[in-house]
Each structure stands twice: as structure tokens, then as C-alpha cells.
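S.K.: Numbering follows the working numbering, with no gaps: position 150 of the sequence shown is 155.
Let me begin by handing over the structure; questions about it come next.
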Amino acid sequence: MKKVSMLFIILLIVIACKEDKKSDQETALTPPPTIPVEDFFKNSEQRTFRLSPNGEFIAYLAPYESRMNIHVRKFDSDSVTRVTSVTDRDLAGYFWANDNRLVYIRDKGGNENFHLFAVDKDGSNEKDLTPFDGVRAQIIDDLEDNEDEMIVGLNKRIPQVFDPYRINIKTGEMKLLYENPGNITGWQTDHDGKLRLAYVTNGVDTSILYRESEDKPFEEVITTDFKQTLAPQFFDFENPDVVYAVSNLGRDK
6 MKKVSMLFII LLIVIACKED KKSDQETALT PPPTIPVEDF FKNSEQRTFR LSPNGEFIAY
66 LAPYESRMNI HVRKFDSDSV TRVTSVTDRD LAGYFWANDN RLVYIRDKGG NENFHLFAVD
126 KDGSNEKDLT PFDGVRAQII DDLEDNEDEM IVGLNKRIPQ VFDPYRINIK TGEMKLLYEN
186 PGNITGWQTD HDGKLRLAYV TNGVDTSILY RESEDKPFEE VITTDFKQTL APQFFDFENP
246 DVVYAVSNLG RDK
């Protein structure tokens, strides 16, 4: 009797093992769920979040008519305001200029002639700050401590050369700050938003130009080659004629 019982138990174990093996085989043969190709290319529901300077509003990009547009929501409210309604192309970027106004970047039809636009957080008072055909805008300094102005480079005068302009983000009024002779590739401001440094390069050597104020001419301070690095970081807060920089000059690395 014990022998029969033992054989019966062994038989049950064998059957169970076969069933488990069969189940594993069926699972292995079952293909994983298919992920639609569209999921790899469609826009995110929300992305690129930006907090307003006063911390009361959150802006983000979300689809409208299949294009990414700016939306704004107050933290203590569920109400969302769509600030922009661009339908031909996604915005290239945006940021808060102050507590009430945002600046965004877009081109037309992919021509890469990026324009700067400003708009209030409720979607009103939208303005093209650089309304020039065939002209590209590039931000030099958003002037964080100046709520109404920013410094922008425009190739408005000569297509191959970008001149710096000071632009009022409310009125669109602009002022040419300096005529680029053609070899200046970068600029740097002091804590008052004044252009004080300029960078000149010929592809091998880089020169740093400095001036005491915007009504003085630029003068060359130093020239480095491609093996050397001297990168100004910021002006001293107390002494406006002192610049802090990082460099590998005088080092063997």
C-alpha cells in the first residue's frame, strides 16, 4: 500500500512538472505587447517647466493643435491659461522675463531665422521684438536684474555679423550698443548690464577686449592660442574693473 501511495505521489509530481514546463513554453511563445510607433515621436503631455520669479506661477509647454505652446497655471489654482497659440512649428524655447511677462523663441517654417517674442502670462500684449525678415536673433544677456530690457544680437546690419542691441520687452524699442567690426564672436556684461568685454577669434587665437564703460573704446587685454584657456566668469560686485576668470595659463595641464 505504501509502495502504491509513493508511486501515486511521484506521478503527481511528474504531471505537475510537465504542466509547469508547458506553461513556461506558452509564456515564452507569447509575444510582448506592441508599442505604437507614434509613441516614440509624439509630443509629451507637459514638459519644460519654468517657475515665475515670484514663485506664484508655473509655466510649461503642452500641445495645442499638435504644437508645443506655453501654458501657465497659478500654484493655488487648477485653472490653466494657454499663453501662445502657435500652430505651424514648436517653440524653440522660452523663459520668464519678469513676474508678468514671458519671452519665447520661434522661427518660421524651419528657416532658423529665430525671432524673439514677448507676451503677458495671461496671453495678452504679445509682441514680436525682432520683426525683421531674414534676420536671426540670439540672446546675449537676459538682464536678470532688469525687468524691462534684454540684450540681443541681430544680424540686421550685415547678414554675417551680429550687433548687440538693447531691447525693451514691453515696447519693442531697441538701441544699437556697438557696431561689430566683423570679428567679435561674443560679449559679456557687468552687473549693471553694460557691455564691458568682447571676444575676438580667428579660429586659432582668441583675444579678450575690455572697456571701462560703454562710451569708451574696447582695448585688447590678452590673446591666447588654442592650447591656452582664459575664460572670464563675472565682474567683481564691489570693484567694477575686476573680472574673475578661470585659466590654465602657467600650468602644465
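From the three backbone atoms N, C-alpha and C, an ideal C-beta is built for every residue, glycine too.
Can you list the beta strand (DSSP E) stretches of 3 or more residues lying completely in the stretch 80 to 106, in chain order?
M.R.: 85 to 87 and 98 to 101
S.K.: Quick one: what does DSSP say VAL42 is sitting in, helix, strand or coil?
M.R.: In the three-state reduction of the DSSP assignment, VAL42 falls in the helix class.
S.K.: Between the beta-carbon of ILE189 and the beta-carbon of VAL205, is there less than 7 Å?
M.R.: yes
S.K.: Please report the distance separating the alpha-carbon of LEU148 from that of TYR69.
M.R.: One C-alpha to the other measures close to 30 Å.
S.K.: Please name the residue, chosen from ASP246, SER218, VAL248 and THR211, that lies closest to THR234 on a Cα-to-Cα basis.
M.R.: THR211
S.K.: Would you kindly report the start and end of the unbroken beta strand (DSSP E) that includes GLY158?
M.R.: 154 to 163
S.K.: Expressed to the nearest angstrom, what Euclidean distance is found between the alpha-carbon atoms of LEU66 and VAL85?
M.R.: One C-alpha to the other measures close to 12 Å.
S.K.: In this structure, how does DSSP classify ARG171 when only helix, strand and coil are distinguished?
M.R.: Residue state, collapsed to three classes: strand.
S.K.: Would TYR249 be called buried (16 or more neighbouring beta carbons within 10 Å of its own) or exposed?
M.R.: exposed
S.K.: What are the residues that DSSP puts in a beta bridge with ASN74?
M.R.: ALA67
S.K.: Does the Cβ of ASP146 have 16 or more other Cβ atoms within 10 Å, making it buried, or fewer, making it exposed?
M.R.: Residue environment analysis places ASP146 among the buried positions, since at least 16 neighbouring C-beta atoms fall within 10 angstroms of its C-beta.
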